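Those protein sequence lines, which keep their order, are chains A and B.
Under numbering that gives the first Met the number 0, the first residue of the first sequence carries the number 0, and numbering increases by one thereafter.
Under numbering that gives the first Met the number 0, the first residue of the second sequence carries the number 0, and numbering increases by one thereafter.
The beta carbon of each residue, even a glycine, is placed where N, CA and C say it ideally should be.
Computed from a predicted structure; not experimentally measured.
As structure tokens, the structure follows; a few thoughts come after it.
Protein chains: 2
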Amino acid sequence: MSIPPVAVGLNAVVMAAGEDAPQVLVVPRGGEEPALPFGPFDPARHRTFEIGLREWVSEQAHFQLGYVEQLYTFGDRGREAPLADLPSSDEARIISIGYLALTPEAAELPSGGGEWHNWYHYFPWEDWRAGKPAILEGQIEPALRRWIDEAETEGRRAARRDRARSTFGLDGRAWNEERCLDRYELLYSSGLIAEAARDRKEAQGMPPVSRSMASDHRRIVATAISRLRGKIKYRPVVFELMPDTFTLSRLQQVVEGIVGFPLHKQNFRRALDRTGFVEGTGRMLARTGGRPAELFRYRREVLRDGQATGIAIPRSR
Amino acid sequence: MSIPPVAVGLNAVVMAAGEDAPQVLVVPRGGEEPALPFGPFDPARHRTFEIGLREWVSEQAHFQLGYVEQLYTFGDRGREAPLADLPSSDEARIISIGYLALTPEAAELPSGGGEWHNWYHYFPWEDWRAGKPAILEGQIEPALRRWIDEAETEGRRAARRDRARSTFGLDGRAWNEERCLDRYELLYSSGLIAEAARDRKEAQGMPPVSRSMASDHRRIVATAISRLRGKIKYRPVVFELMPDTFTLSRLQQVVEGIVGFPLHKQNFRRALDRTGFVEGTGRMLARTGGRPAELFRYRREVLRDGQATGIAIPRSR
DNA sequence: CCCTTTATGCTCAAAATGAGCATTTGTGAG
DNA sequence: CTCACAAATGCTCATTTTGAGCATAAAGGG
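The following block contains the structure:
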């Protein structure tokens, strides 16, 4: 029993908290769609995937990774158009292992390497912080209804309707921010995503509703967003995105950026307080535009003993 | 930029609810350690990993899979002793993609294929349903304390102590059932797991405290247990393990088997009721040894609309 | 010094949890 | 045919945890 060889690529979704929105690290490719930091896994050079990943990211984006976790391994044939500089999938299958990396401060990136891009330029329908995004009622929902009606049998129409309803919260269903990946995949299969037309080598049927990425990289980012939005609730991962000290308002801002909707300020603080995750430093941050805010610090120790849970996400209406 | 080839293996952790404890499907290998259903991923034959996986499982264990999700991709060099019939890792690196599969009824397995084994034969320290397992105080905790003291510097001792405390709930810390993988890895690195000695080709230092498995398969099972114990709380996955109709007591029994501790019966039911996941069928199951119990059915529809959360786990004291 | 802007504090009702006690309804022994 | 027993269900009550607002404090700019 011998195992046929396949090529393994490593992709990193590096995230940081930007000024107004979460950011993802991309590598521009002059004229072409931007890509995630990406590189082959070479078993001769790298004892582990993570080592290889860190090497590629620092080489391509001039950037050192901190917190890293494995996301998912993507390997379906036909899931992507291969990047130009890789062998096409007819010859050897390429599978890619996606990683999520979190890093504090979106600030200093040496030039010539990667760039920070706002998540929501790639996923505008995911940002509900200022209410329901106009793109949903304006473009996505009508297109989804058209896609539902296009199905051949009533059974298929019902299946499409159910899927669209539950992922996009149509017809009064609730919006579940964690289902970002499901939404991306639905938009892909209904042809609303530029990558879908590109992969099928068709003319694009829809005006681009958002920015696209190389290969299946946008799918990997959607996977990362779903994972992060879920994980933030049961593991204190937000703090990987914060600098050493921060105000509670800033922390809340970062969480809101991630989950994509506004939180109730007082309740957010009360719940945070109970977790014991943060402690005041006594120092204040002036020039907040109002009353100065105290600077807080993350207490890494609390992770060690007791149940490490995440932070509460009290939605505000 | 070309990608060096590696070999990809697919492993399935197939789980079912047994009479008294959850079971995992293993393939006996006459005399040697049992293995998970395992097979190479052949990109020429299989369009997706899942298709390949289902094929291997049905071939090796004579068994059709239902619910399947990807777990993790394992690829560290030296993480395992290779299976005898595979090329050794010096030549080509073998990475394995682990999958978790859930299936109702541990009952009918055609003979000659796989066997159902109780989880807790491989992880006896994880079963707290009848109180704290004796193996913890009897063997594991003393060995951990020895391992802590063996460290060379005080700093390392402190690090080991912290790690042991938080994973095994030493010194009054809480036991977190989701950290099954962390515990396995700690036992592995502290030499309490037979596989550790085997992989380093050492004589075994400890009397085997539990059964071992081929290669790194026990680590994969630990990953699956951790995942399932976490997921059960925020997604209604237990029902994948239940037959069409079941009593509430049986459902509770299955959940208790998974999380590894007893639940408060009334509160479990109250919380379950609120979710709307189950509905009574009106039919009763007699011969329960007491008052007959009503048979319930899982309402798959609730998943479609609204927030699909998991079921509550009200620990009983 | 008043007004605007943030940061923090506090209160109250509603909902969810944690723990028990109480009833119902089969089975099986005497 | 009764009665004790074993489960399955039903209900109650004190605590906690949420969800929503209202109120107060402290800078900075006319």
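For residue j and residue i, the rounded distance between their alpha carbons
i, j, result
"MET283 of chain A", "LEU262 of chain A", "23 Å"
"PHE245 of chain A", "GLU18 of chain A", "13 Å"
"MET0 of chain A", "LEU52 of chain B", "Note that MET0 of chain A scores a pLDDT of 49, beneath 50, so its modelled location is shaky and nothing firm can be said."
"THR280 of chain B", "VAL253 of chain B", "20 Å"
"SER87 of chain A", "ILE93 of chain B", "Interpretation of SER87 of chain A is limited by its pLDDT of 46, a score under 50 that renders its predicted location unreliable; the figure taken from the coordinates is listed afterwards. Cα to Cα, SER87 of chain A sits roughly 22 Å from ILE93 of chain B."
"GLY168 of chain A", "ARG182 of chain A", "10 Å"
"ILE257 of chain B", "ALA100 of chain A", "31 Å"
"ARG172 of chain A", "ARG290 of chain B", "40 Å"
"ALA157 of chain B", "ARG46 of chain B", "49 Å"
"SER315 of chain A", "THR287 of chain A", "23 Å"
"ARG144 of chain A", "ARG234 of chain A", "37 Å"
"ALA43 of chain A", "PRO42 of chain B", "22 Å"
"GLY259 of chain A", "TRP55 of chain A", "30 Å"
"ASP89 of chain B", "GLY74 of chain B", "With a pLDDT of 48 at ASP89 of chain B, under the threshold of 50, the modelled position of this residue cannot be trusted; read the value that follows with caution. In a straight line, the C-alpha of ASP89 of chain B is about 13 Å away from that of GLY74 of chain B."
"GLN138 of chain B", "GLU300 of chain B", "47 Å"
"GLU68 of chain B", "LYS230 of chain B", "12 Å"
"ALA193 of chain B", "ARG155 of chain B", "24 Å"
"LEU294 of chain B", "GLU151 of chain B", "59 Å"
"LEU135 of chain A", "TRP124 of chain A", "6 Å"
"ARG303 of chain B", "ARG164 of chain A", "Here the model assigns ARG303 of chain B a pLDDT of 47, short of 50, so the residue's position is not dependable, and the following value carries that caveat. If I take the Cα positions, the gap works out to 8 Å."
"TYR121 of chain B", "ASP161 of chain B", "25 Å"
"MET14 of chain B", "LEU64 of chain B", "10 Å"
"PHE62 of chain B", "CYS179 of chain B", "27 Å"
"GLU140 of chain A", "PRO27 of chain B", "53 Å"
Host beta strand (DSSP E) of residue i (start-end)
i, result
"THR102 of chain A", "From DSSP, THR102 of chain A is part of no beta strand (DSSP E); its letter is neither H nor E."
"GLU31 of chain B", "31–34"
"THR72 of chain A", "66–73"
"GLY38 of chain A", "37–39"
For residue i, the residue or residues it bridges with in DSSP
i, result
"ALA292 of chain A", "A:LEU284"
"GLU278 of chain A", "A:ARG296"
"MET14 of chain B", "B:VAL23 and B:LEU101"
"PRO4 of chain A", "B:ALA6"
"GLY130 of chain A", "A:ARG128"
"ARG172 of chain A", "None, per the DSSP bridge assignment."
"ASN117 of chain A", "A:GLN22"
"LEU108 of chain A", "Partner(s): none; LEU108 of chain A has no beta bridge."
"ARG28 of chain B", "B:GLU31"
"THR244 of chain A", "A:ARG296"
"LEU262 of chain B", "B:ARG314"
"SER95 of chain A", "A:GLY8 and A:PHE73"
Residue i - containing alpha helix (DSSP H), residue span
i, result
"HIS216 of chain A", "216–230"
"PHE167 of chain B", "153–167"
"GLN252 of chain A", "247–258"
"LEU180 of chain A", "179–188"
"VAL56 of chain A", "48–60"
"GLU149 of chain B", "140–149"
"GLU239 of chain B", "Segment: none, GLU239 of chain B is in no alpha helix (DSSP H) and carries neither H nor E."
"GLU194 of chain B", "193–198"
Residue i vs residue j beta-carbon contact at 8 Å
i, j, result
"VAL12 of chain A", "VAL277 of chain A", "no"
"PHE48 of chain B", "ASN10 of chain B", "no"
"PRO103 of chain B", "PRO242 of chain B", "yes"
"SER225 of chain A", "GLU177 of chain A", "yes"
"VAL236 of chain B", "LEU250 of chain B", "no"
"ALA60 of chain B", "GLY113 of chain B", "yes"
"TRP118 of chain B", "ALA196 of chain B", "no"
"TRP115 of chain B", "GLN265 of chain B", "no"
"GLY275 of chain A", "ARG296 of chain A", "no"
"LEU240 of chain B", "ALA16 of chain B", "yes"
"SER189 of chain B", "ALA142 of chain B", "yes"
"THR222 of chain B", "LEU70 of chain B", "yes"
"ILE147 of chain A", "LYS232 of chain A", "no"
"THR72 of chain B", "THR308 of chain A", "no"
**Report entry** Cβ contact (3+ pairs, closer than 8 Å) linking the region 23–40 of chain A and the region 206–220 of chain A
**Finding:** When Cβ pairs closer than 8 Å are counted between the two stretches, the region 23–40 of chain A is seen to touch the region 206–220 of chain A, the count reaching three or more.
Query raised in the report: If you pair each beta-carbon of the region 123–143 of chain B with each one of the region 94–102 of chain B, do three or more pairs fall below 8 Å?
Result: Judged by Cβ distances under 8 Å, the region 123–143 of chain B makes no contact with the region 94–102 of chain B, as fewer than three pairs qualify.
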